Amino acid sequence: DGKRLLIETDIMETTTRLRVLEADLEATQARVDSLDESLVKLPERVTAEEVSGHPNVALDNMRDTLFSLELREKELLAKYQEEHPLVISTRQQLAESRRIVAELPAERTQSTSKINPARESQELKLLDERTKQNALLAEVAELREHQGRLLAELETLNGDEVQLRELQREFDIAETNYRVYQGKLEQARITQAMEADRISNVTVTQEATISRRPASPKKREVAALGLVLAALSSVGVVMLAEASKRTFRTAEQIERMLELPVLIRLPDPNASSAGATRFRLLPR
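Add 122 to a position in the sequence shown, counting from 1, and you land on the number used in our numbering.
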């Protein structure tokens, strides 16, 4: 658990650092792109100094050429007509030379250039940003590699823990089986020792004997139980017969039964005594 905690903490810190570096790298890339765009618009060199009044050598050379062509034209006209191809060609060259001489300035301006300081400043900034970018890329690559190793180590640790739990489970089962086996082995040893010494864990209080008289049921108990059952049966029969008669002994019983008043009392001729009076419910 301690090693797992250290690895997980390292992974969390590495991931946080990676997010910060990736944000810095994105910002650096944006600055590099902006500097690249600005450099395209800036010239590499600018004019440092201009000096005028110098003779124009090109103009002097063109004047010499123009003079030679004029002489050539005169020589050809002396020999050929104006429609002659050589005369026509010479005149065309002479016209072109005159046009160029007319366009060239009489004096030449001499200028010197230098490196554009604005571009140089931008290039230095771009170099600094690219240096930072390369350092960030290297650090990000290193952190990602470290993060990959940590994840692989954590995965290996998880696999080891699963295997360790399985081994622990197998060990617990084996230990339980061993204890059970050890207990049974000890019990067998004790039993064997008791048998060797003729010791038993059962105490014999009386040696077994053969009795020819039945142990149960006992005659006296059976006879007493029969008398009790006979008495109860007699009482029950009397009570059942009494309850099944449709006879009333008092006028109050009839009034409660019929909810009507008794108007006349008639003696029962079957009564056992002259003074006894019973009432019978007549069928409707």
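Glycine residues also receive a C-beta, built at the ideal position from the N, C-alpha and C atoms. The model shown is predicted, which means the values in this text are computed figures rather than measured ones.
Please report the straight-line C-alpha distance between residue i and residue j, rounded to a whole angstrom.
{"i": "I210", "j": "E204", "result": "7 Å"}
{"i": "R221", "j": "L249", "result": "50 Å"}
{"i": "L164", "j": "D158", "result": "10 Å"}
{"i": "A149", "j": "V168", "result": "32 Å"}
{"i": "G358", "j": "G348", "result": "15 Å"}
{"i": "N299", "j": "L279", "result": "30 Å"}
{"i": "R262", "j": "E144", "result": "It should be noted that the sequence gives Val, not Arg, for residue 262. Using only the alpha carbons, I get a separation of about 7 Å."}
{"i": "L265", "j": "Y303", "result": "56 Å"}
{"i": "R141", "j": "L259", "result": "13 Å"}
{"i": "L246", "j": "D146", "result": "20 Å"}
{"i": "K236", "j": "Q255", "result": "30 Å"}
{"i": "L307", "j": "Q314", "result": "10 Å"}
Reducing DSSP to helix, strand and coil, say where residue i ends up.
{"i": "T137", "result": "helix"}
{"i": "T253", "result": "helix"}
{"i": "T187", "result": "helix"}
{"i": "F401", "result": "Because the pLDDT at F401 is just 48, under 50, the model does not fix this residue reliably, and the value given afterwards should be weighed accordingly. It is a strand residue."}
{"i": "T234", "result": "strand"}
{"i": "A396", "result": "Note that A396 has pLDDT 46, beneath the 50 cutoff, so the model's placement of it is unreliable and the number below is only indicative. Looking at A396 - three-state DSSP - the assignment turns out to be coil, as it is neither helix nor strand."}
Rank the options by C-alpha distance to the C-alpha of residue i and give the top, closest one.
{"i": "R139", "options": "L198, R153, Q269 and E197", "result": "Q269"}
{"i": "Q244", "options": "R311, A346, L161 and A152", "result": "L161"}
{"i": "K125", "options": "E275, A263 and E292", "result": "E275"}
{"i": "Q186", "options": "E166, L354 and L216", "result": "Rather than Gln, the amino acid found at residue 186 in this sequence is Asp. It is L216."}
{"i": "R213", "options": "A318, K196 and E225", "result": "K196"}
{"i": "E251", "options": "A152, G281, A353 and M316", "result": "A152"}
{"i": "V154", "options": "T253, R291 and E218", "result": "T253"}
{"i": "E242", "options": "I376, E166, S235 and T131", "result": "E166"}
{"i": "E267", "options": "E308, T137, A240 and L199", "result": "T137"}
Hey, quick one: how far does the alpha helix (DSSP H) through residue i stretch, first residue to last?
{"i": "T212", "result": "P207 to E225"}
Check your understanding: Are three or more beta carbon pairs between the region 283-290 and the region 184-202 nearer than 8 Å?
Key -> no
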